[in-house]
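Residue numbers (my numbering): 82 to 439.
See structure below.
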Amino acid sequence: MRKPPSYDSVKTAPMCDCDCYSDPITCLKVMFVDMVQMGRIETGQCPARRPVFLRLHGVAHGRLEVVSELAAHLQVGLFSEPGKCYPVWVRYASDIPDGTPDLDSTVGIGIKIFDVPGEKILHPDEYAPTMDLLLQNIDVFFVDNAKDMCEFTKASFTSNCAYDKWLEKHPETAAILEEMAKEVPSVLETNLWSAMPFHFGEEGSGNHTYCKYKLVPEIIPPGPDPDYEDPNYLHTDLVQRLNNGEAKLKFYVQLRTNPTTMPIDQATVRWKEEESEPIHVATLILPQQDITARGQAEYGETLSFHPWRTLEAHEPVGSIAEARKVVYQASAELRRNVNGEPIGEPQVVRPDTVWPPA
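Below you can see the structure in the form of structure tokens.
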């Protein structure tokens, strides 16, 4: 079985000798940031890129509109004001390194939401006006927890033999990796999920529970038939579709209704929609636009997307979320420092102006 492309080894980096049992989060930070990301920088990557989901398909501006007649128990955090409209910038990408074709890659979206009032969890962005949402085109993660994630990553970096042996002991991971390698005709036409759970409401409040997120295409402009021979066909498709019209995607929350079958720290376990049907709480709207316009892609690449840059009502939960808190922050700081970019969050949304071409 092939490894996830983001786990390509970096020969210039030392092998990680930290302990996945005693400190899996530090070990994951060392492998993803110090070995993979820094290893690529040391071999000449310019500008410095993200360690994962670095293949950019496109950056687009839009808005997130909360459902106007939202039920009272769903008026939580970001969705506390029915009918409210937030400006957003989104980044569509795949979890593959440069030189790898788009076909059969794991596709994801980062949504940067602006003008979100309230204190955020992530330091030092507590008072930033932004909030982030991250989703990908599979509803589960390929390992259960941070310790498994650490062991899997170490095995994949050690040797093909160690990797294969680890998968033999974890057949559920092997099955999910096979499922992740699926054909995506268009990033706008595929369902996306958070895979990880989040709080839905603050602890102690009457409507506190947990949820997962889902993004579903509603109205998608026409585009070309996918040319799977084109290694960057997902970018080509996104350019043409948004040039042809406006895209609308429904944003759902799936509430946790059964603690036994909807575990918090077993990320390989599906939350079945038969037990809890996702509920439409907002709509993501991407207006007609030219995503190749001057500065648009570059702006999206300077942005940092972090699941902990959120309100307390939507705090991530589980050990993989705890690992992401450390790894994503360290990765963003390294990338921005190397590129000479500001580390802080943007205070004002970039206008959707189409500037004169260079």
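Yeah, the Cβ is synthetic: ideal placement off N, Cα and C, and Gly gets one too.
Distance between residue j and residue i (C-alpha atoms, nearest Å)
i: residue 93; j: residue 348; result: In this prediction, residue 93 has a pLDDT of 40, which is less than 50 and means its spatial position is unreliable; nothing more can be read from the coordinates.
i: residue 45; j: residue 104; result: Lying before the first or after the last residue shown, residue 45 is absent from the chain, which here runs from 82 to 439.
i: residue 142; j: residue 246; result: 44 angstroms
i: residue 207; j: residue 194; result: 15 angstroms
i: residue 419; j: residue 383; result: 12 angstroms
i: residue 371; j: residue 320; result: 7 angstroms
i: residue 411; j: residue 403; result: 13 angstroms
i: residue 107; j: residue 413; result: 16 angstroms
i: residue 98; j: residue 429; result: 43 angstroms
i: residue 422; j: residue 416; result: 8 angstroms
i: residue 232; j: residue 176; result: 20 angstroms
i: residue 222; j: residue 200; result: 29 angstroms
i: residue 289; j: residue 338; result: 12 angstroms
Beta-carbon proximity check, residue i vs residue j, cutoff 8 angstroms
i: residue 244; j: residue 297; result: no
i: residue 369; j: residue 323; result: yes
i: residue 270; j: residue 185; result: no
i: residue 163; j: residue 149; result: yes
i: residue 293; j: residue 101; result: no
i: residue 189; j: residue 215; result: yes
i: residue 291; j: residue 408; result: no
i: residue 203; j: residue 360; result: no
i: residue 278; j: residue 345; result: yes
i: residue 238; j: residue 157; result: no
i: residue 170; j: residue 220; result: no
i: residue 355; j: residue 283; result: no
Simplified DSSP state of residue i, which is helix, strand or coil
i: residue 252; result: helix
i: residue 343; result: coil
i: residue 111; result: helix
i: residue 379; result: helix
i: residue 222; result: coil
i: residue 103; result: coil
i: residue 176; result: coil
i: residue 199; result: coil
i: residue 164; result: coil
Whole-Å CB distance - residue i paired with residue j, under 8 angstroms assumed
i: residue 166; j: residue 144; result: 5 angstroms
i: residue 254; j: residue 224; result: 6 angstroms
i: residue 172; j: residue 425; result: Incorrect: roughly 18 angstroms between the Cβ atoms, too far for contact.
CB contact check: residue i to chain D, cutoff 8 angstroms
i: residue 225; result: Included in the structure is just one protein chain, with no chain D present.
Taking only runs of the beta strand (DSSP E) that begin and end inside the segment 228-309, which ones reach a length of at least 3 residues, in chain order?
Unbroken beta strand (DSSP E) runs of no fewer than 3 residues, entirely contained in the segment 228-309, are found at 279-281 and 290-300, following chain order.
Jot down the residue ranges of each uninterrupted beta strand (DSSP E) in the segment 353-410, minimum 3 residues, whole runs only, in chain order.
Under the rule that a run must span 3 or more residues, the beta strand (DSSP E) segments found entirely inside the segment 353-410 read 360-367.
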